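Structure record follows, encoded as structure tokens.
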Amino acid sequence: MPKILIPLLVLIVLPSFALTQSKPANSLKYLWPTDASKYLTSVFGEYRARRFHTGIDVKTWGKTGYKIFAIRSGYILRVSVSPGGYGKALYLKLDTGETAVYAHLSKFSDKIQKLVAREQRRLGKYRVNLYLKKDQISVSQGDVVAYSGQTGIGAPHLHFEIRDANNVPLNPLSKGYQISDRVKPIVRRVSFSPLDVDSEVNGDFKPVVVTPQWIRSGEYVIKEPISIWGNVGIAVRCFDKGVSSFSGYGVYSLKLFVDDALRFEYSYDKLSFQKNRMVELERDYRLSRRQFGRFYKLYKDKFNTKSYYRPNKLWAGVLKSASLTARPELQSKSNSGSSRQNMAASSGSLYPGLHEFRIETADYMGNTSTIRGHVLVGAAFNIYPVIAEDENGQLSLRDVVTYDLKKIDQLEAFILNGNQWQPIPLSWSEDDSYLEEKGGEGNPDEAENFNSTVLVKNSSVKPIVLKIKARDEFKVKSRPFFYVHPQPIETAHAPQLTFSYDYYDDYLRLEISSKNILGSKPEVILYPDRPNPVEVKIQQTDLKKFIGRIELSKLSGNFHLLKIVTESLNGEAFSKFEQFEARPVRPRKTDHITASDENFWVNFWSGSLYRTIYTRVVIDSSRFSKKYDFASHIYDVEPKDALLNQGAFVHIRIPPLQSNTEQLGVYYKDRRKGKWIFIDNSFDVNAGSMSAKILSFEQFALIRDSEPPEITRIRPGRNVHLKNPTPRISLNVRDALSGIKSEAEIEIRLNGRRLIAEYDPERARIFYDIKEPLAMGRYEISVRAEDNAQNVTTKTSVFWID
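Just so it is clear: in the sequence shown, position 558 is 811 by this note's numbering, and no numbers are missing.
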């Protein structure tokens, strides 16, 4: 009989919780940690706020109480209990020297549970962090060590980790677990970002985000080439899904190929707690702060010291443009695209012209999605068409001049009809002289093969507005040229200009928009804190829009003056002064920035920053809400997408004659929810200010909270008579503004004896299970709750045991 029963038990029991193993050698080494399911809701390496997800999350179907198994033999190393974070967590030291971590548990096995309860009683509080001796609680592979739950942060699930002997998190799937998954990652968007002051994308200085076209499962294409110049980084927004997962989770690996050569790759096999914050350098922080979503960078940031990238060097994966003048032979069309590609692959730089790129992203099971597209390497250039008018009012294109080393290969012209640009057929060939390289010299009328091109014979629409665009021999686009004819004689409206300032790592993008058509492109003069003014190069990108960039590292001082000179359509001159703020804050130094009223400041220390940032503080009190009791102005610190390393401290001076200052706190505005969120209320006696540590730039204000917490739904209910002598005592505690710091601020007593209750802050619920039967009689529950502003609520309720 034993010879028959043992194999049957193996066949029946093991499939109930063990997965098919991807590596047969590991098939008996590591058991699946739970009988809840074999499906994942999160994977290793996903983004969490300022950290990586260092484990996998196993689906528990929105329920609690599933068995948690020892994946190998070993002993209990540590048990922790907390209202937040991992909630109830168990650390199992394996016989391999590794550590398995199980988190968000509902309860532990009896032996462990008794140790925890004893430690809680000894400390007199719910929160414990208990380290056990090696021989205190041993376990064998397959033993039930706990039960799944929803303690700490998040809905019901099991968070499971494996760490090596040095406490380095490993991808648990590397232990041979085979997840049932045939779903390929889903790609949403791809971004192209200029990385410094000398770089551009599609002729502009800001990131370009495109949505790839879905071809079939796992295949995407970006049809239009993206023009790049300088140093440009690609990033991709993508996610994976399992066979039973409604929400997406992270991918395992990413690769970038350029011209079929692997340029950059990384995968999530292990992580480092010491470098957890660098998740913000690996994902594109700027795009996420600008509400584009989370993007995986396909290049290594200068300040990212993580080492699992290939190649592992600064700016690996960055698309770097090679100068056209460095390879004069490339100006000849006789050079094939393949020869240019080969030179690019060997040098690391991309020469002017079209280059194919390919992005591959995969999950751990090898399901792969591919995005294909092209980058067109070359800087946008300016053209200066020569347009002549004959005696009949006919407009003709006589020449196109460019001052760059360009050979124009294609020309397009458009006329404005209402709000639409209509194409104008052009009669030209690439042998026409006006399509040859021009340096601004010579007379186009003397070119023996010149063919003048008629643009407009006669038009009833006045003024005539033309747009002309060109491409060079590498198909790189010029910036548009606009022509207005005739110039109105009557008085035109004075230009109405608006300005926007967009801060990047080492430059400021200036955008000028005009309500009316201007008679000339604006000239912008920068007056920094130095003797000689500097002209800002302005480019026209649309009929009424102009852009320029200012290199911030060359500025001195904090405030800078711009003089803008332009003219209306009738030639009347117009000038205006604009001021912008750009305060430099440098890493590895102690520094501060202050608002103009000197009632708000931000202190930085040596570890606050990765790189030099340029900031400004805007005082804005126009958006006060009657819902909040503001005790200060609103201070808006920019740029919002400046990435902090270890954070900074904001200080807001307490206005005079403020009573009950303990009710004041530093708050920031959640831009997505539109709510003000409490940060801290540390009081600086010397400065007379409230301070708080911040991890990002936001809108900050001093707000008063005078409303105490609300205590509701006390159970057993008031004057209830019970037969059960071991009831659960529970209640809800909510605070509308400053919040409740921890379970220590909620006190529950039963007939005067304080209970060590379990607190679930996400559900605003606190409860205690009576262990020893209560004698018959009257029992009084008294509750006291205090919020972060020291507002206190008390409440009592009486029940009876019959």
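Ideal Cβ positions, reconstructed from N, Cα and C, are used throughout, including at glycine.
Values in this document were obtained by computation on a predicted structure and should not be read as measured data.
- With a cutoff of 9 Å on beta-carbon distance, P465 and V474 are scored as near each other.
- K341 sits close to G405, with the two beta carbons spaced by under 9 Å.
- Non-local beta-carbon contacts of Q366 in its own chain, meaning distances under 8 Å to residues more than five positions away in sequence, involve K360 in chain order.
- Straight across, the Cα-Cα distance linking K387 with I1023 is about 32 Å.
- Counting only runs of at least 3 residues, the stretch 902 to 941 fully encloses the following beta strand (DSSP E) elements, listed from N- to C-terminal order: 917 to 923, 928 to 933, 935 to 937.
- Of the candidates I887, S767, F752, F752 places its Cα closest to the Cα of Q832.
- Secondary structure note for V369: its alpha helix (DSSP H) is the uninterrupted segment 363 to 376.
- Three or more beta-carbon pairs separated by less than 8 Å link the stretch 420 to 428 to the stretch 522 to 532, which places the two stretches in contact.
- Between the beta-carbon of I947 and that of A895 there is about 11 Å, and that puts the pair past the 8 Å contact cut.
- Taking C-beta atoms as the reference points, V532 and R304 count as a pair closer than 9 Å.
- Shown here for Y754: same chain residues with a beta carbon closer than 7 Å to its own, the five before and five after excluded, namely L761, L763, F833 in chain order.
- The continuous stretches of alpha helix (DSSP H) do not include E831, which lies in the beta strand (DSSP E) extending over residues 826 to 834.
- Boundaries of the beta strand (DSSP E) around L345: 341 to 347.
- Collapsing the DSSP output to three states places L540 in a helix.
- Contact annotation: P908 and S885 have beta-carbon atoms nearer than 9 Å.
- With fewer than 16 other CB atoms across the displayed protein chains lying within 10 angstroms of its CB, K790 is exposed.
- Straight-line measurement puts the Cα of Y604 at about 14 Å from the Cα of D725.
- Contact between the stretch 507 to 520 and the stretch 607 to 620 is present, with at least three C-beta pairs closer than 8 Å.
- Here I439 is near K494, since their CB atoms are less than 9 Å apart.
- Take L448, set aside five residues on each side of it, and the residues of its chain with a beta-carbon closer than 6 Å to its own are N484, G486, in chain order.
- Given a length threshold of 3 residues, each whole run of the beta strand (DSSP E) inside the stretch 737 to 789 is given here in chain order: 750 to 756, 760 to 767, 776 to 780, 787 to 789.
- Annotation for N557: M531, L534 place their beta carbon closer than 6 Å to its own, counting only its chain and skipping 5 residues before and after.
- As DSSP reads the structure, P638 sits in a beta bridge with V653.
- The beta carbon of R968 lies closer than 6 Å to those of S983 in the same chain, with the five residues before and after it left out.
- Judged by pairs of C-beta atoms under 8 Å, the stretch 976 to 993 touches the stretch 953 to 962, as three or more such pairs exist.
- Annotation: G772 to Y637 spans about 16 Å, alpha carbon to alpha carbon.
- Here F545 carries a coil assignment [DSSP, helix/strand/coil].
- Three or more beta-carbon pairs drawn from the stretch 396 to 412 and the stretch 311 to 329 are found closer than 8 Å, and the two stretches are therefore classed as touching.
- Under the three-state reduction of DSSP, F812 is assigned to strand.
- Contiguous beta strand (DSSP E) elements confined to the stretch 381 to 407 occur at 381 to 384, 397 to 401, taking only those with 3 or more residues.
- In summary, V777 is buried, with 16 or more beta-carbon neighbours lying within 10 Å of its beta-carbon over all protein chains present.
- I1054 sits away from Y1021, with the two beta carbons spaced by 9 Å or more.
- For E535, the enclosing alpha helix (DSSP H) starts and ends at 532 to 535.
- Secondary structure of L805 (DSSP, three-state): helix.
- Rounded to whole angstroms, the gap between the alpha carbons of A945 and L862 is 17 Å.
- Looking at the DSSP output, H608 shares a beta bridge with V628.
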